[in-house]
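First to last, the protein sequences are chains A and B. Here my numbering is used: position 63 in the first sequence is 71, and no number is missing along the way. Here my numbering is used: position 17 in the second sequence is -3, and no number is missing along the way. Structure first, then comments.
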Amino acid sequence: QKEVEQDPGPLSVPEGAIVSLNCTYSNSAFQYFMWYRQYSRKGPELLMYTYSSGNKEDGRFTAQVDKSSKYISLFIRDSQPSDSATYLCAMSPGNQFYFGTGTSLTVIP
Amino acid sequence: NAGVTQTPKFQVLKTGQSMTLQCAQDMNHNSMYWYRQDPGMGLRLIYYSASEGTTDKGEVPNGYNVSRLNKREFSLRLESAAPSQTSVYFCASSAQGSWTDTQYFGPGTRLTVL
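As structure tokens, then:
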């Protein structure tokens, strides 16, 4: 079983939609949770970072962590064509990052 | 400020050939990392260097060697390339040695081994 599971999609939504991206994990030692965005043929860039259960908001993006269910989510409000990318979740127990496989998102104008 | 740069951008090798992937960062970061990204596998850590002069194995180190040449540069060497090493390779850096630090990634090297 992989440490981190993420649905690869692809996910296609109309502009303005609310997008929900999710990851599950099995290791209860994970304490730090991150979301990266990766545009085609580019390196990943950090979007959001949290190390507790609950919600964290940054503009149109909200990261949600539920440690009891070992489940994290990224919500994108008012999605834009520029949000079209692959979104990677990542998590760490403190000594190494473990990445999901990424979900490919396309926002259609 | 270029961030993290990688050379080459693309490379095709024959089985058994060797090559070195170069990585440099201009952010005065202490820690540097090499990952590979494969479809369905996500990003996997090959080696990392918590600080200048130190290197440690990650999740998939077999078939690779690394050199932390100085604080700026961290190279990855394939001594005898195999088709299983066909992948996209990313170098990253972070300010401190903590795994909670933001990692900044380079643009990647796309390697094909025939």
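Heads up, the beta-carbon is just placed ideally off N, CA and C, and yes, glycines get one too. Remember, predicted model here, so these are calculated numbers, not experimental data.
Annotation: residue -5/B to residue 16/B spans about 18 Å, alpha carbon to alpha carbon. Annotation: the continuous beta strand (DSSP E) that includes residue 41/A extends over 40 to 46.
DSSP links residue 95/A through a beta bridge to 45/A and 111/A.
Within a 10 Å sphere around the beta-carbon of residue 49/B sit fewer than 16 other beta-carbons, which makes this residue exposed.
In this structure, the CA atom of residue 44/B is about 32 Å from the CA atom of residue 58/A.
The DSSP-derived three-state label of residue 101/A is coil.
Beta-bridge partners assigned by DSSP to residue 21/B: none are found. One Cα belongs to residue 25/B, the other to residue 111/A, and the distance between them is close to 19 Å.
Excluding five sequence positions before and after residue 93/A, the CB atoms of its chain that fall closer than 7 Å to its own CB belong to 45, 46, 47 and 113, given in chain order. Close to residue 30/A, with beta-carbon spacing below 9 Å, lies no residue of chain B; the smallest spacing is near 15 Å. By the C-beta criterion, the region 21 to 38 of chain A is judged to be in contact with the region 80 to 90 of chain A, since at least 3 inter-stretch pairs fall below 8 Å. For residue 28/A, the three-state secondary structure derived from DSSP is strand. Listed by position along chain B, the residues whose Cβ is nearer than 7 Å to that of residue 88/A form an empty set, because the closest Cβ is around 22 Å away. Per DSSP, the unbroken beta strand (DSSP E) holding residue 13/A starts and ends at 12 to 14.
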